[in-house]
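Comments concern the structure below.
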Amino acid sequence: MDISNYIHSTYYIIFIDHWDRDSSMMIIHHLIATLMLTISYMIHLERMAVVVIYLLEICEVFYFILKYNYSSYKITLINGGHSYSQ
278 MDISNYIHST YYIIFIDHWD RDSSMMIIHH LIATLMLTIS YMIHLERMAV
328 VVIYLLEICE VFYFILKYNY SSYKITLING GHSYSQ
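Take the position in the sequence shown, starting the count at 1, then add 277; the result is the number in our numbering.
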């Protein structure tokens, strides 16, 4: 299931999403993650695949937090029918 997520994310970055400075690194990240998960399933190391998934998912949380901090987008928060911009 996670392999399909990485394949879809790679497709999305290449063909649909706008190109950012970190897009090439995200493509490399997704291809290596797909390769690691595929190899671990092929040699019957499912527990190792689970460890790889957990490590990659934990790193993605920090990646998106850092990307949010350095982005120039304004986030609109909706609270009780009122919108606030930060």
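C-beta: ideal position from N, C-alpha, C; glycine also.
### Query
Where does Gln363 land, buried or exposed, given buried means 16+ other C-beta within 10 angstroms?
For this step, residue 363 is matched to residue 86 along the sequence shown. Note that Gln363 scores 49 on pLDDT, short of 50, meaning its location in the model is unreliable and no value can be drawn from it.
### Task
Confirm, please, whether the CB-CB distance from Ile304 to Ile284 is below 8 Å.
Translated into the one-based positions of the sequence shown, residue 284 becomes position 7. Translated into the one-based positions of the sequence shown, residue 304 becomes position 27. Contact check for Ile284 against Ile304 fails: the beta carbons are separated by 8 Å or more.
### Query
Hey, quick one: how far does the alpha helix (DSSP H) through Ile309 stretch, first residue to last?
In the sequence shown, residue 309 corresponds to position 32, counting from 1. According to the DSSP assignment, Ile309 belongs to the alpha helix (DSSP H) that extends over Ser300 to Met319.
### Query
Looking at the unbroken alpha helix (DSSP H) that takes in Tyr288, where does it start and where does it end?
As a first step, residue 288 must be located in the sequence shown, where it is residue number 11. Where Tyr288 is concerned, the enclosing alpha helix (DSSP H) stretches over Asp279 to Tyr288.
### Task
Output the distance between the C-alpha atoms of Leu308 and Asn282, rounded to the nearest integer angstrom.
Walking along the sequence shown from the start, residue 308 turns up at place 31. Walking along the sequence shown from the start, residue 282 turns up at place 5. Spanning the two alpha carbons is a distance of roughly 11 Å.
### Cα-Cα separation, Tyr331 to Asp299
Taking the first residue of the sequence shown as 1, we reach residue 331 at position 54. Taking the first residue of the sequence shown as 1, we reach residue 299 at position 22. Those two C-alpha atoms are separated by around 22 Å.
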